[in-house]
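A.B. asks: What follows is a structure written as structure tokens; I'll ask about it next.
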Amino acid sequence: MNLLQEKVCLVTGASRGIGLATVKKFASEGAIVYANSRGTNIDEMCTHLSSEYQTPVKALYFDVKNEYEARNAMLQIKKDFGRLDVLVNNAGIMKDALIGMISTTVMQELFETNVFGVINMIQLACKLMKSKKSGSIINISSIVGIEGNPGQMVYSASKGAVAAITKTASKELISEGIRVNAIAPGMIDTDMFRSIGEDKIKSYLKDIRIGRLGTPEEVADAIVFLASDYSKYITGEILGVNGSVKL
Ligand SMILES: NC(=O)c1ccc[n+]([C@@H]2O[C@H](COP(=O)([O-])OP(=O)(O)OC[C@H]3O[C@@H](n4cnc5c(N)ncnc54)[C@H](OP(=O)(O)O)[C@@H]3O)[C@@H](O)[C@H]2O)c1
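Just so we're aligned, residue 1 is where the sequence shown starts under the working numbering, counting upward by one.
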């Protein structure tokens with residue numbers, strides 16, 4: 001449908017899961033896509049998608065925690081196209097620990113990637129977006145950041161922070177023409193979710209009223225909507241993509 005024709009888009013954490021599905025959907029909608037990876041080689045995947053969808057899909061290697069690397073990546077986009085229309089803050093990590101077992105290292109790791117990484121990327125991206133007085137930023141929060149979940153105090157706090165960042169940034173940046181929204185996925189079939197183990201997955205399945213896990217592509221569909229002009233009057237929203245889950 002070419003919903004994102006000619007839009008310059010950056011997706012963080014695009015080596016697999018929801019990020020990879022988003023890069024594919026963006027390319028299929030005609031976007032010019034920068035796919036970020038912190039290490040996994042995605043050159044071949046980008047070449048393949050470029051030729052399949054006849055649109056530039058470029059790999060950008062950096063760690064979202066590293067402000068210097070992220071700044072250089074943004075400079076590269078500025079040099080290539082002079083603008084950034086869409087940023088998807090998807091990169092994230094999940095580590096679970098019960099209360100009483102939470103280490104400072106886990107707190108630091110989760111907040112550095114899931115919270116500081118998102119703040120860094122918003123600060124860098126909005127400089128480019130402000131110059132064109134338009135842009136759409138989509139942050140990936142989580143249902144557990146809104147509802148909480150036993151064993152996930154730190155992860156849910158980091159994702160709750162992403163929801164708060166979204167609300168504040170949307171209010172601050174709308175005067176610059178920049179919309180900021182978030183997606184709060186439920187249980188999505190990716191490596192991250194699979195890492196909890198088959199037994200836990202089985203027990204969680206009965207809590208999803210739609211009767212199955214979500215797919216990364218179903219989250220990517222919602223991201224495409226928030227990236228496109230079909231959502232041009234929407235900002236500051238947290239959109240659940242969860243098949244009606246009971247937490
Ligand atoms: N799956 C779910 O059920 C679910 C539910 C709610 C929210 N989410 C959120 O959705 C997002 C994507 O999750 P997913 O399920 O697709 O996870 P995933 O399969 O584990 O993929 C995570 C991606 O983030 C990348 N990444 C991690 N730390 C990074 C860093 N510092 N810099 C750059 N990239 C980094 C990973 O790169 P490597 O390949 O190098 O590790 C990978 O590409 C995350 O923010 C997650 O918290 C997921």
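Even glycine gets a Cβ: it sits at the ideal position worked out from N, Cα and C. No experiment lies behind these values; they were computed from the predicted model shown.
Tell me the rounded alpha-carbon separation between I138 and G160.
C.D. replies: Numbered from its first residue, the sequence shown carries residue 138 at position 138. Numbered from its first residue, the sequence shown carries residue 160 at position 160. Their backbone Cα atoms lie some 15 angstroms apart in a straight line.
A.B. asks: Assign I140 to one of two classes, buried (16 or more other C-beta atoms within 10 Å of its C-beta) or exposed (fewer than that).
C.D. replies: Working through the sequence shown from its first residue, we reach residue 140 at position 140. That one is buried.
A.B. asks: Excluding five sequence neighbours on each side, which residues of the same chain lie with their C-beta closer than 7 angstroms to the C-beta of V64?
C.D. replies: Counting from one through the sequence shown, the residue named residue 64 turns up at place 64. The residues are T12, A70, A91, T113, G117, N120, M121.
A.B. asks: In chain order, what residues of the same chain lie with their CB nearer than 8 angstroms to the CB of P56, ignoring the 5 residues before and after it?
C.D. replies: Residue numbering aside, residue 56 sits at position 56 when the sequence shown is read from its first letter. These residues qualify, in order along the chain: I32, V33, S50.
A.B. asks: Ignore the nearest five residues each way along the sequence and tell me which others in N181's own chain have a CB closer than 8 angstroms to its CB.
C.D. replies: Position 181 of the sequence shown holds residue 181. If we look at N181 and ignore the five residues flanking it on each side, its Cβ neighbours are S136, I137, I138, N139, T166, S170, L226, S231, I234, T235, G236, E237, I238, L239.
A.B. asks: Using DSSP with H/G/I as helix, E/B as strand and the rest coil, what is P216?
C.D. replies: Here the question's residue 216 lines up with position 216 in the sequence shown. Reduced to three states, the DSSP call for P216 is helix.
A.B. asks: Can you give the Cα-Cα distance for V241 and Y53, rounded to whole angstroms?
C.D. replies: Mapped onto the sequence shown, residue 241 falls at position 241. Mapped onto the sequence shown, residue 53 falls at position 53. Distance between the alpha carbons of V241 and Y53 is about 26 angstroms.
A.B. asks: Straight-line CA distance for I178 to N72?
C.D. replies: Along the sequence shown, read from residue 1 onward, the residue named residue 178 stands at position 178. Along the sequence shown, read from residue 1 onward, the residue named residue 72 stands at position 72. Taking the straight line from one Cα to the other gives about 22 angstroms.
A.B. asks: For ligand 1, is there any heavy atom lying closer than 8 angstroms to the beta carbon of P216?
C.D. replies: The residue you call residue 216 lines up with position 216 of the sequence shown. Yes.
A.B. asks: Would you mind working out which of N36, T22, D80 sits nearest G30, comparing C-alpha positions?
C.D. replies: Taking the first residue of the sequence shown as position 1, residue 30 is located at position 30. Selected option, being the one with the closest Cα: T22.
A.B. asks: Would V245 and M187 be called neighbours here (beta carbons separated by less than 9 angstroms)?
C.D. replies: Residue 245 sits at position 245 when you count from the first residue of the sequence shown. Residue 187 sits at position 187 when you count from the first residue of the sequence shown. Closer than 9 angstroms, so yes.
A.B. asks: Output the distance between the C-alpha atoms of L10 and A35, rounded to the nearest integer angstrom.
C.D. replies: Along the sequence shown, one-based indexing puts residue 10 at 10. Along the sequence shown, one-based indexing puts residue 35 at 35. Distance between the alpha carbons of L10 and A35 is about 6 angstroms.
A.B. asks: On the premise that K95 lies in contact with Y155, defined as a C-beta separation below 8 angstroms, what is that separation, rounded to the nearest angstrom?
C.D. replies: On the sequence shown, residue 155 is found 155 positions in, with the first residue counted as 1. On the sequence shown, residue 95 is found 95 positions in, with the first residue counted as 1. 7 angstroms between Cβ atoms; contact.
A.B. asks: For T215, I'd like the list of residues in its chain whose CB is within less than 8 angstroms of its CB, leaving aside the five on either flank, ordered along the chain.
C.D. replies: Translated into the one-based positions of the sequence shown, residue 215 becomes position 215. Once the five neighbours on either side are set aside, the close Cβ partners of T215 are A21, I188, D189.
A.B. asks: Going by DSSP in three states, A97 sits in which element: helix, strand or coil?
C.D. replies: On the sequence shown, position 97 is the one that residue 97 refers to. Strand, per DSSP.
A.B. asks: Do A27 and L84 come within 9 angstroms of each other at the CB atom, strictly closer than that value?
C.D. replies: Stepping through the sequence shown from its first residue, residue 84 is reached at position 84. Stepping through the sequence shown from its first residue, residue 27 is reached at position 27. No; because the gap between Cβ atoms is not below 9 angstroms, this pair is not in contact.
A.B. asks: Go ahead and label K152 buried or exposed: buried means 16 or more other beta carbons lie within 10 angstroms of its beta carbon, across all protein chains shown.
C.D. replies: Working through the sequence shown from its first residue, we reach residue 152 at position 152. In the sequence under discussion, the amino acid at residue 152 is Gln, which differs from the Lys named in the question. It counts as buried.
A.B. asks: Would a C-beta distance cut-off of 9 angstroms place V115 and V162 closer than the cut-off?
C.D. replies: As a first step, residue 115 is located in the sequence shown; it is residue number 115 there, counting from the start. As a first step, residue 162 is located in the sequence shown; it is residue number 162 there, counting from the start. In contact: V115 and V162 (Cβ atoms closer than 9 angstroms).
A.B. asks: Cβ of T55 versus every heavy atom of ligand 1: is any distance shorter than 8 angstroms?
C.D. replies: Residue mapping note: residue 55 aligns to position 55 of the sequence shown, counting from 1. T55 Cβ: outside cutoff for every heavy atom of ligand 1.
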